[in-house]
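Following my numbering, the numbering of the sequence shown begins with 1 at its first residue and continues without gaps.
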Amino acid sequence: VNTLKRENALEERLFEADSPRILHLATHAYFLKDDGGATNRDGDNKNVVALNPMHRSGILLAGANDSLRNGRDFGIVSAYKALGLNLLGTELVVLSACDTGTGEVQMGEGVFGLKRAFIIAGAKTLVMSLWSVPSAETTRLMINFYDSISQDRSKAGSLREAKLVMIADGYNPFFWGAFVLAGDPG
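Shown next, in the form of structure tokens:
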């Protein structure tokens, strides 16, 4: 297990990970809708929101805040960048962050965003969220999920079991319903 926390959770280290069996990213994510109203730094009414929806969703790693202030993108891993990850043979990717399952729907193509990027990069299964869930409840669900996985249950069965534990403990569906699984349920 290679754990990268806080200032060590660097973009370059993520890309150095070569086909990890499990990749768990507990960080912040973003999705920018294409509203056509963005302007550039000079205030010109130029649409600076990328036409490609894969540039409008991503995750934030160490250094992202400094990059935003300096007009760079270090630590900002867009869905487009994530296409370059080597996840061939990766059994499970967990995007334990807000709104990681969202993206732009393209008619006839489905959703363009992090889900598409990680699956194309080679991940067999992806767990992601459809809305923002507080950290404490997300952590509780993830602990239950991995406890179930460690008992050789399927990934889909483990997510279901983690949700059932949350239900039994009296949690509102808001806290567990956001998490969905895509790809191989086994």
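By construction, the Cβ of each residue, glycine as well, lies at the ideal position given by its N, Cα and C atoms.
Reduced DSSP secondary structure (H/G/I, E/B, other) of residue i
i, result
"TYR30", "strand"
"GLU91", "coil"
"ALA79", "helix"
"PHE74", "coil"
"ALA9", "coil"
"LEU85", "coil"
"GLY157", "helix"
"VAL48", "Confidence in VAL48 is poor, its pLDDT being 48 and thus under 50, which makes the residue's placement too unreliable to answer from."
"LEU60", "strand"
"VAL133", "coil"
"ASN65", "helix"
"ASN144", "helix"
"LEU14", "helix"
"LEU4", "coil"
"PRO20", "coil"
First through last residue of the beta strand (DSSP E) which encompasses residue i
i, result
"THR125", "125-129"
"ALA182", "179-183"
"GLN216", "Past the boundaries of the shown model lies residue 216; the chain is included only from 1 to 186, so the question cannot be answered."
C-beta atoms of residue i and residue j nearer than 7 Å
i, j, result
"THR100", "LEU114", "yes"
"PHE112", "PRO53", "yes"
"LEU141", "ALA162", "yes"
"ALA62", "GLU7", "yes"
"GLY122", "LEU88", "yes"
"SER154", "PRO173", "no"
"CYS98", "ALA9", "no"
"PHE31", "THR102", "yes"
"ALA64", "ALA117", "no"
Residue interval of the alpha helix (DSSP H) (run including residue i)
i, result
"LEU114", "114-120"
According to DSSP, residues forming a beta bridge with residue i
i, result
"LEU25", "LEU95"
"VAL111", "VAL105"
Interface flag, residue i vs chain C, CB-CB below 7 Å
i, result
"GLU137", "No chain C is part of this structure, which consists of one protein chain only."
* Does the stretch 126-140 touch the stretch 88-101, meaning 3 or more C-beta pairs lie closer than 8 Å? -> yes
* Asked: Do the stretch 128-137 and the stretch 56-67 make contact, defined as three or more Cβ pairs closer than 8 Å?
  -> no
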